[in-house]
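Student:
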Amino acid sequence: MKLLESTRFEAINNALSIQTGDSKIIGRIESYSCKMAGGDKALYKRFNAEGIHPSDLQALSPPQGVSPGYSQYSRSVSGDEEGPLCDTISRKTLFYLIATLNSSFPDYDFMDVKSHEFSKEPSRQWVTNAIDSNLAATAGEQYRLLGPSLWAAIDDEISLENCDIYSYNPDLASDPFGEDGSQGTH
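UniProt numbering applies: residue 1 is where the sequence shown begins, and numbers increase by one.
Structure follows, in structure tokens:
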């Protein structure tokens, strides 16, 4: 993974450092290339050394914060099952998510993260609404002014409508940001 430099993202990152009363938001957006560099290739080989094929599917956790009645999951052809099945992800995509975490947080090692610690978000709109709601509640007018340029920059970079969005949902023991007073959007 290679960090793709962006002066537009840097300007937004500066604006995402917001002090409001008792809270301090330290936010950042980054863009990475999915082309594997030398170290990534070795990690990918080690990651797949368990005899699992890169296209094999891994189970994901259900999205957090979605109402219990919500269901976008597919059912089996027979339809005999009660309730929704879980989303799945290819082993290769799981590696890309883990490699992105490792690149974003180089002081931590995420290679032991399992697929059930990720969830596929229900929609782009659901994600943008959740982020807008959290940041507007904390940063108020500062975020209301920043929000449109934040989403325009992200959309110009990756075309959100054509993306699958995943969240990292670790247990507190393995979350580098799991200490008291820290709230993150991963």
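Where is the CB? At the ideal position from N, CA and C, for every residue including glycine.
#1: If you draw a straight line from the alpha carbon of SER31 to that of GLY21, how long is it in whole angstroms?
#2: May I have the straight-line CA-CA distance separating ILE12 from PRO62, to the nearest angstrom?
#3: Does DSSP classify SER17 as helix, strand or coil?
#4: Rounded C-beta distance between TYR44 and PHE95? I'm assuming under 8 Å.
#5: With DSSP collapsed to three states, give me the class of GLN58.
#6: How many angstroms separate the CA atom of HIS116 from the CA atom of ALA59?
#7: Determine the direct distance from the alpha carbon of LEU97 to that of ASN48, and round the result to whole angstroms.
#8: Look at the alpha carbon of GLN125 and the alpha carbon of LEU160, and state the distance between them as a whole number of angstroms.
#9: Return the chain-ordered list of same chain residues with a C-beta closer than 7 Å to the C-beta of ALA15, the five sequence neighbours on each side being excluded.
#10: Can you tell me where the alpha helix (DSSP H) holding residue 242 begins and where it ends?
#11: Would GLN26 pass as a contact of SER17 if the rule is Cβ separation under 8 Å?
#12: Can you look up SER133 in the DSSP assignment and give me helix, strand or coil?
#13: On the criterion of 16 or more Cβ atoms from any shown chain inside 10 Å, does MET111 qualify as buried, or is it exposed?
#14: In terms of residue numbering, what span does the alpha helix (DSSP H) encompassing ILE154 cover?
#15: Can the beta-carbon of SER6 be found closer than 8 Å to that of GLU121?
#16: When you compare each of SER119, THR93 and ASP40 to SER55 by their alpha carbons, which one comes out closest?
Tutor: Taking the coordinates as given:
#1: 30 Å
#2: 31 Å
#3: The three-state reading of DSSP puts SER17 in strand, counting E and B together.
#4: 6 Å
#5: strand
#6: 6 Å
#7: 14 Å
#8: Cα to Cα, the separation comes out at about 10 Å.
#9: LEU146
#10: The requested residue 242 is not part of the displayed model; the chain covers only 1 to 186.
#11: Before going on, a small fix: residue 26 reads as Ile here, not Gln. Going by C-beta atoms, ILE26 is nearer than 8 Å to SER17.
#12: helix
#13: MET111 comes out exposed.
#14: 141-158
#15: No, they are not a contact pair.
#16: THR93
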